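Each number in our numbering corresponds to the 1-based position in the sequence shown with 760 added.
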Amino acid sequence: MKSIYDTDCILNTGTIERLAACNWIDEGKNFLITGSTDSGKNYISNALCISALRLFHTVRYVKASTLIYDLEQAQVTGGYVNYTKKLAALDLLVIDDFELMELDIDKCRNLFEVIDSRDCHHSTTTMVISQIPISNWYELFQGNTYADACMDRIIHNAYRLEFNGRNMRNPSK
């Protein structure tokens, strides 16, 4: 895993220009953004999504809890296969608030199937945004057997951007 820039909420112009070019999407590399509340994670992820859209990439931005719910509903209504195919075909799938979900075995399996189907395409990118460090993501899977498989597919061949700095909304914090 390559760290593009270890930041204190200050990204230099060169880094921003490199990220905005979206070569990481063209390369099919995942992108992981972590940091505390209000550190700028969503600001930079939204800017990168806008850059991707301007370059005609297909993008879907979804909260992790909404993604899990939508997958469950798709199973109930019989649209699961079509829904996962649509997710697999996106150039960029952004999963926000990765740390705010509890994953039982069914939710783990659903998440794994989405991530695996995207990984099989080799030219799709998944961006994951979380407040908790990547080293703690295994805890979300509650010791589930899907943990290693999901984590390997998400983290392998991914870029990381860590925000460890001040609160962007309230700089005095």
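Where is the CB? At the ideal position from N, CA and C, for every residue including glycine. Nothing here was measured: the structure is a model prediction, and the numbers come from that model.
Around the C-beta of residue i, are 16 or more other C-beta atoms found within 10 angstroms, so that it is buried, or is it exposed?
{"i": "C880", "result": "exposed"}
{"i": "R913", "result": "buried"}
{"i": "N935", "result": "Here the chain has residues from 761 to 933 only, and residue 935 is not among them."}
{"i": "D786", "result": "exposed"}
{"i": "N924", "result": "exposed"}
{"i": "V836", "result": "exposed"}
{"i": "K845", "result": "exposed"}
{"i": "T773", "result": "exposed"}
{"i": "V841", "result": "exposed"}
Identify the residues that DSSP records as bridge partners of residue i: which are they?
{"i": "D856", "result": "K823"}
{"i": "V888", "result": "L792 and I855"}
Check residue i in the structure and name its three-state DSSP category.
{"i": "L863", "result": "coil"}
{"i": "A918", "result": "strand"}
{"i": "F923", "result": "strand"}
{"i": "L850", "result": "coil"}
{"i": "L815", "result": "coil"}
{"i": "G800", "result": "coil"}
{"i": "S883", "result": "coil"}
{"i": "G839", "result": "coil"}
Since I believe residue j is in contact with residue i (beta carbons under 8 Å), could you give me their beta-carbon distance rounded to a whole number of angstroms?
{"i": "L863", "j": "N904", "result": "7 Å"}
{"i": "D851", "j": "A812", "result": "7 Å"}
Measure from the C-beta of residue i to each C-beta in chain D and report whether the shortest distance is under 8 Å.
{"i": "F901", "result": "No chain D appears in the structure shown, which is made up of a single protein chain."}
Cutting at 6 Å between CB atoms, please list the residues of its own chain near residue i, excluding the five before and the five after it.
{"i": "C782", "result": "S811, A812 and L815"}
{"i": "S763", "result": "Reliability fails at S763, whose pLDDT of 48 lies under 50, so the model's placement of it is uncertain and no value is given."}
{"i": "R878", "result": "A848, T884 and T886"}
{"i": "K823", "result": "D856 and D857"}
{"i": "R820", "result": "L850 and L853"}
In chain order, what residues of the same chain lie with their CB nearer than 7 Å to the CB of residue i, ignoring the 5 residues before and after it?
{"i": "A918", "result": "M761, K789, N790, F791 and L792"}
{"i": "I865", "result": "N904"}
Quick one: what's got a C-beta closer than 8 Å to residue i's C-beta in the same chain, skipping five residues either side?
{"i": "S825", "result": "D857, L860 and M861"}
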